[in-house]
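Residue numbers (this note's numbering): 121 to 291. Built from N, CA and C at the ideal position, the CB exists for glycine as well.
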């Protein structure tokens, strides 16, 4: 009996690393691709909430993802530069992203609060955004997808829905 218990304990001890390795290997492509340091960029089309003319811009973002159960939690930062109604708008903010990896697909929500500045009658205020998107991962390095966000700068007329493709690169 004592020998049987010793054998069972040894088998359990030797199995733990194998189980941990299997769990690590069992992560989906999107899960592996969203952990760690990631950078992304993409153009955006701006649809003003007041029905004005369309605008456009470019968004740069970086984040660091941590696995938390079936999700990836990622604090990060975002810089946006836009042209809308003959005005330049710049935003800079820390962000937080929650991703739910499903195979190669990665739907996500993102939010942030920071600073916003408008040219041509200089204005500034608190910039905030909320939105989400869907990425398709081709391995750990490259992903493409689409994102939609609502972004505003308080105390100004800058309130827009931003829609655009996204490209994420990381290693």
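Could you give the distance in angstroms between the alpha-carbon of residue 132 and the alpha-carbon of residue 146?
The predicted model places residue 132 with a pLDDT of 49, which falls under 50 and marks its position as unreliable, so this point remains unresolved.
How many Å lie between residue 168 and residue 198 at the Cα?
20 Å
Quick check on the burial criterion: 16 or more other C-beta atoms within 10 angstroms. Buried or exposed for residue 242?
exposed
Proximal residues to residue 165 (C-beta, below 8 Å), its chain only, five neighbours per side dropped:
174, 175, 176, 282, 283 and 284
Residue 150: first and last residue of the uninterrupted alpha helix (DSSP H) it sits in:
149 to 154
Residue of 223, 192, 205 and 154 minimising C-alpha distance to residue 170:
205
Please say whether residue 230 and residue 253 have beta carbons closer to each other than 9 Å?
yes
Buried or exposed for residue 211, please, with buried defined as at least 16 other CB atoms from any protein chain shown within 10 angstroms of its CB.
buried
Beta-carbon gap between residue 155 and residue 186 smaller than 9 Å
yes
Since I believe residue 274 is in contact with residue 245 (beta carbons under 8 Å), could you give me their beta-carbon distance rounded to a whole number of angstroms?
4 Å
Could you give the residue range of the beta strand (DSSP E) that holds residue 214?
207 to 219
Note down, in chain order, each residue of its chain lying with its Cβ closer than 7 Å to the Cβ of residue 270, except the 5 sequence neighbours on either side.
249, 250, 251 and 281
Determine the DSSP secondary structure at residue 186, reduced to helix, strand or coil.
strand
From residue 240 to residue 201, what does the alpha carbon distance come to, in whole angstroms?
15 Å
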